[in-house]
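Contents: one structure, followed by commentary.
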Amino acid sequence: MSIDRRQFLKIAGISALGAGTAAANLIWKNSLEAIQAAPAEEGLTAKKWAMVIDMRKLKTEEDYKKITDACHSIHNVPDFGNPKDEVKWIWTDTYEHAFPGQENEYLPEAIKEKPFPLLCNHCENPPCVRVCPTQATFKRQDGIVMQDEHRCIGCRFCMAACPFGARSFNYRDPRPFIKEKNPEYPTRTKGVVEKCTFCTERLVKGLMPACAEKSNGAIAFGDLKDPNSEVRKLLSANYTIRRKQELGTQPSVFYIIGGSEK
Ligand code: SF4
Ligand code: SF4
Ligand code: SF4
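Residue numbers (the working numbering): 959 to 1220.
As structure tokens, this is what we get:
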């Protein structure tokens, strides 16, 4: 679905009614959100989106870089160049930090040392959504936990509530720190929180998430409720783990750690 602002105002009769600019803007924004929330017919849809990351297929530094760069460049994620201000949608950490409580001293060195790609888990029971006072973060019917930077008041309750460090706060104006701006994706402002959106803007166009597309098959994305989806096939054929399962948030991102490839 694609209409411009002028067409929308005409359809809604707002111009004719002489509605004020502020009211028109508000209705326009809400309508855009409705369009985004309801995937277009030609888009990809699912009852519940999920991701399976096959660590056996991520081998070189270049593999990780391609994934992170793809996400951060198309989503205008700033690079402040220092960890204190860091804004990240997808990043890496060690097994020990990614899966605390699931490590032991006898794990293969290859796993202990391997960087694990981490992102928002689009949890089934997302604590970030429960604490947000403005509904700037909300769960869609297809399981995606969205972030609306326009409604975000920067209280950071969601950051405190997320046990996965999946949310970043813009302590500074991010715009001067975007390496190459993608004009097709909105930029954010100082004082708001942002995170991975499971690439909703790509799904509505029928495209897979950018990280999955650039992963050479290491990242599968699909419908957890469809027994014939690739994610379900991978989950049936391989032993997988999720982050901090004991907390009960029910992450939608699964990891295949080892075993032979199927
Ligand atoms: S990973 Fe964090 S930000 Fe993402 S849905 Fe779960 S609690 Fe919310
Ligand atoms: S920082 Fe924004 S998204 Fe997070 S809880 Fe506050 S208003 Fe909601
Ligand atoms: S799903 Fe999309 S937004 Fe999320 S980490 Fe991958 S590329 Fe980034």
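Using N, Cα and C, we set each Cβ at its ideal position, and we do this for glycine too. Note that the structure is predicted; figures quoted are calculated from it, not measured.
Item: Check: I1048 C-beta below 8 Å from any heavy atom of ligand 3; Value: yes
Item: Sub-9 Å separation of N1079 and R1160 beta-carbons; Value: no
Item: Nearest-angstrom beta carbon gap, M1104 and T1145 [assumed within contact, 8 Å]; Value: The pair is not a contact, with the Cβ atoms about 17 Å apart (cut-off 8 Å).
Item: Buried versus exposed, by CB contacts within 10 Å (16 or more), N1186; Value: exposed
Item: DSSP state of Y1213 mapped onto helix, strand, coil; Value: strand
Item: Cβ-based neighbour list, N1140, same chain, cut-off 8 Å, excluding 5 preceding and 5 following; Value: S1031, I1032, H1033 and N1034
Item: Other residues of its chain near N1083: CB distance less than 7 Å, five sequence neighbours each side excluded; Value: G1206, T1207 and Q1208
Item: Limits of the unbroken alpha helix (DSSP H) element including L1161; Value: T1158 to L1161
Item: Candidates P1134, C1086, K1070 and C1081: closest to G1039 by CA position; Value: P1134
Item: Cβ neighbour criterion (16 or more within 10 Å) applied to R1125; Value: buried
Item: Nearest to C1086 (by Cα), restricted to the options Y1053, A1028, E1152 and Y1143; Value: E1152
Item: Endpoints, the beta strand (DSSP E) within which L1192 is located; Value: Careful: L1192 lies outside any beta strand (DSSP E), inside the alpha helix (DSSP H) at E1188 to A1195.
Item: Cβ contact (3+ pairs, closer than 8 Å) linking the stretch 1107-1118 and the stretch 1009-1018; Value: no
Item: Pairwise C-alpha distance: C1081 and R1088; Value: 12 Å
Item: Classification of G1123 by the beta-carbon crowding that lies within 10 angstroms, buried from 16 upward; Value: exposed
Item: Whole-number beta carbon distance between Y1053 and K1072, since they are thought to touch under 8 Å; Value: 7 Å
Item: Per-residue burial, D1100 [other beta carbons within 10 Å of its own, 16 or more giving buried]; Value: buried
Item: Residues near K1006 in its chain [Cβ-Cβ closer than 6 Å; skip 5 each side]; Value: G1101, L1182 and K1183
Item: Whole runs of the beta strand (DSSP E) within the stretch 1051-1112, excluding any shorter than 3 residues; Value: 1074-1077, 1095-1097 and 1103-1105
Item: Near ligand 2: A1094 beta-carbon under 8 Å from a heavy atom; Value: yes
Item: Residue(s) in a DSSP beta bridge with M1009; Value: F1179 and V1211
Item: C1157 versus M1166: straight-line alpha-carbon distance, rounded; Value: 8 Å
Item: Contact test: G1206 Cβ vs ligand 2 heavy atom, cutoff 8 Å; Value: no
Item: Residue environment, A1056, which counts as buried when at least 16 other CB atoms sit within 10 Å; Value: buried
Item: Beta-carbon proximity check, E1171 vs A1028, cutoff 9 Å; Value: yes
Item: Continuous alpha helix (DSSP H) stretch holding D1131: start and end; Value: Element bounds for D1131: n/a, residue is neither H nor E.
Item: Distance, P1121 Cα to E1204 Cα; Value: 11 Å
Item: Secondary structure of E1138, DSSP reduced to three states; Value: coil
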